[in-house]
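K.L.:
Numbering (our numbering), first residue to last: 1 to 77.
Even glycine gets a Cβ: it sits at the ideal position worked out from N, Cα and C.
Quick one: the structure is below, and I'll ask about it shortly.
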Amino acid sequence: MSMGYIIGPLIVFLIFVAPVWLLLHYRNKRQVARGLSVEEQQKLQSLMLRAEQMQSRIQTLERILDVESPQWRQHNE
1 MSMGYIIGPL IVFLIFVAPV WLLLHYRNKR QVARGLSVEE QQKLQSLMLR AEQMQSRIQT
61 LERILDVESP QWRQHNE
């Protein structure tokens with residue numbers, strides 16, 4: 001009787017859950033191994049360019065603040 005409680009869910013798991021799980025796992029591995037698509041590479045390049053522009057703007061703002069208010073860093077740390 002106690003084996004029925006284990007065997008039933010085990011059979012359901014092996015028939016329904018395990019195959020779907022394996023299918024999704026290996027599909028994901030294949031997508032990761034394939035790398036970035038052309039569209040994803042373009043998006044990444046665009047994001048890198050925007051990050052560099054933002055970094056330049058932040059450095060400019062910090063230089064302006066250093067001249068106009070030299071103690072600004074101490075107030076924000």
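Would Trp-72 and Leu-61 be called neighbours here (beta carbons separated by less than 8 angstroms)?
P.N.:
The residue labelled residue 72 in the question sits at position 72 within the sequence shown. The residue labelled residue 61 in the question sits at position 61 within the sequence shown. No.
K.L.:
Considering only residues of the same chain and omitting the five flanking positions on each side of Trp-21, which have a CB-CB separation below 6 angstroms?
P.N.:
In the sequence shown, the residue the question calls residue 21 occupies position 21. Correct list: empty, nothing qualifies.
K.L.:
Let's see if you can read the secondary structure: which residues bound the alpha helix (DSSP H) around Gln-41?
P.N.:
For the purposes of this step, residue 41 is identified with residue 41 of the sequence shown, where counting begins at 1. 38-68 is the span of the alpha helix (DSSP H), which, as asked, contains Gln-41.
K.L.:
Within a Cβ cutoff of 8 angstroms, which residues of the same chain sit near Leu-36, ignoring the five residues on either side of it in sequence?
P.N.:
Within the sequence shown, numbered from 1, the residue matching residue 36 stands at position 36. Result list for Leu-36: Leu-44, in chain order.
K.L.:
DSSP three-state label for Gln-74, please.
P.N.:
In the sequence shown, residue 74 corresponds to position 74, counting from 1. If DSSP states are grouped into helix, strand and coil, Gln-74 belongs with the helices.
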